[in-house]
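Its first residue numbered 347, the sequence shown is counted upward by one per residue in the numbering used here.
Take a look at the structure set out below.
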Amino acid sequence: MPAVRKVAKRFGLLAGWSGTPDFLDAERSFGTLLFAADEAGGALGFGGTLRRGPLTHLGDLFVLPEHQSSGVGRTMLTELLSENGPKVTFASSDPRAMALYVRHGLRPWIPLLYLTGPTAGLPAPPVRRTDADDIAALDTHASGGARRATLAWYAALPDVAVYATDGGYAAARRTGHDVVIGPGGGVSPQDCADAVLGALAAAEAGTARIAVPGTHPLVPTLLGAGWRIGDMDTLMADDGGLDLIQPDRYVPHPDLG
Ligand SMILES: CC(C)(COP(=O)(O)OP(=O)(O)OC[C@H]1O[C@@H](n2cnc3c(N)ncnc32)[C@H](O)[C@@H]1OP(=O)(O)O)[C@@H](O)C(=O)NCCC(=O)NCCS
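Have a look at this one:
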């Protein structure tokens with residue numbers, strides 16, 4: 347794990363995690379974490395997935411710059427996506443990533459916007475504090491697969507709070523300087539938006555980060571309120587994944603899907 351974290355740090359992936367456990371531990375426990383090394387044990391890269399019931403979420407595929415474009419990514423990907431069942435991922439703007447994922451049966455679907463902005467001045471629908479068990483069924487519905495253990499793991503982290511409304515839920519994690527929202531979901535798109543906005547208000551942080559699929563009603567709400575697009579990925583899925591995940595009423599966690 348120290349060697350994996352060293353690679354992850356070079357790509358800035360651990361910036362939102364103040365210590366361990368982190369999302370790499372989650373991939374190891376609830377999916378697959380692969381480390382690629384040369385014959386002398388020198389790091390080449392790593393990749394990771396998380397399982398949600400039958401669905402595989404490809405969370406990471408990273409090859410160190412000095413080893414890119416020599417087949418390491420493809421080799422790891424073939425192993426990571428070897429299980430049957432629907433597959434989804436968030437592809438970066440690196441054309442090699444999208445090309446590899448398309449060749450493994452996934453298709454570019456919609457943008458995933460990484461938005462940041464102030465929590466003040468937004469609608470604040472009422473939410474109640476709850477636990478992972480309470481939201482597990484709704485999360486399965488919105489995210490496309492069951493992951494009760496992953497949700498319980500995340501909710502037990504020190505700075506994580508889980509909020510719910512009658513038709514929606516959202517997890518919020520306070521970091522040193524902001525709050526990260528996700529996963530969140532709802533019976534309807536508006537239920538999801540209300541739960542996320544309620545969680546944003548309840549978390550009482552100055553600024554927040556959230557990954558929102560392009561078709562989600564929160565996109566006009568947050569950008570209309572002056573939030574900024576910090577980064578953009580492409581939500582990709584194979585045919586099975588397209589049937590399961592509900593991008594207009596789901597807000598994934600940036601690292602856990
Ligand atoms: C994306 C990444 C993981 C791929 O790993 P890699 O070891 O460099 O890639 P590989 O050499 O295994 O494969 C690259 C593929 O891209 C293809 N490719 C390269 N440039 C391309 C382009 N402009 N358009 C289409 N395909 C392209 C190559 O032909 C090759 O496909 P092939 O093996 O089927 O011929 C790696 O480059 C990386 O770490 N990038 C930076 C981090 C990142 O963005 N990761 C993705 C997170 S979603």
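Glycine residues also receive a C-beta, built at the ideal position from the N, C-alpha and C atoms.
Being a predicted model, the structure only gives us computed values, none of them experimental.
Task: Which residues DSSP lists as bridging VAL353, in chain order - done: DSSP links VAL353 through a beta bridge to no other residue.
Task: Residues that LEU581 bridges to, as DSSP identifies them - done: Beta-bridge pairing links LEU581 to PHE436, ILE456.
Task: Supposed close pair ASP485, ARG475 - CB separation, criterion 8 Å - done: ASP485 to ARG475, Cβ: 16 Å. No contact.
Open item on the list: Closest to ALA501 by C-alpha separation, out of GLY490, ARG519, THR462, GLY552, would be which residue?
Closed with: Checked all of GLY490, ARG519, THR462, GLY552; the closest Cα to ALA501 is ARG519.
Task: Inter-residue Cα distance where the pair is GLY417 and LEU379 - done: Distance between the alpha carbons of GLY417 and LEU379 is about 18 Å.
- [ ] Would you identify the three-state DSSP class for PRO535, choosing helix, strand or coil?
- [x] PRO535: helix per DSSP, three-state reduction.
Open item on the list: Just to check my reading of the structure: ASP524 and ALA551 have Cβ atoms closer than 8 Å, yes? What is that Cβ distance to the nearest angstrom?
Closed with: Taking 8 Å as the upper bound for CB-CB distance, ASP524 and ALA551 are in contact here, some 6 Å apart.
Open item on the list: Measuring straight from C-alpha to C-alpha, what distance separates ILE591 and THR511?
Closed with: Taking the CA atoms as reference points, ILE591 sits about 21 Å from THR511.
Open item on the list: Under DSSP, the beta strand (DSSP E) around VAL508 begins and ends at which residues?
Closed with: Secondary structure note for VAL508: its beta strand (DSSP E) is the uninterrupted segment 506-510.
- [ ] May I ask you to check if the CB of ALA383 is nearer than 7 Å to at least one heavy atom of ligand 1?
- [x] For ligand 1, no non-hydrogen atom lies closer than 7 Å to the CB of ALA383.
Task: ASP485, enclosing alpha helix (DSSP H) - first and last residue - done: Start and end: 478-489.
Open item on the list: Let's test the definition: count the other Cβ atoms within 10 Å of the Cβ of SER364 and tell me whether it reaches 16, buried, or not, exposed.
Closed with: SER364 comes out exposed.
TODO: Could you check the C-alpha separation between PRO420 and LEU446 for me, to the nearest Å?
DONE: Rather than Pro, the amino acid found at residue 420 in this sequence is Arg. Cα to Cα, the separation comes out at about 7 Å.
- [ ] Drop a sphere of 10 angstroms on the beta-carbon of SER489, count the other beta-carbons inside from all chains shown, and report buried for 16 or more, exposed for fewer.
- [x] Burial call: buried.
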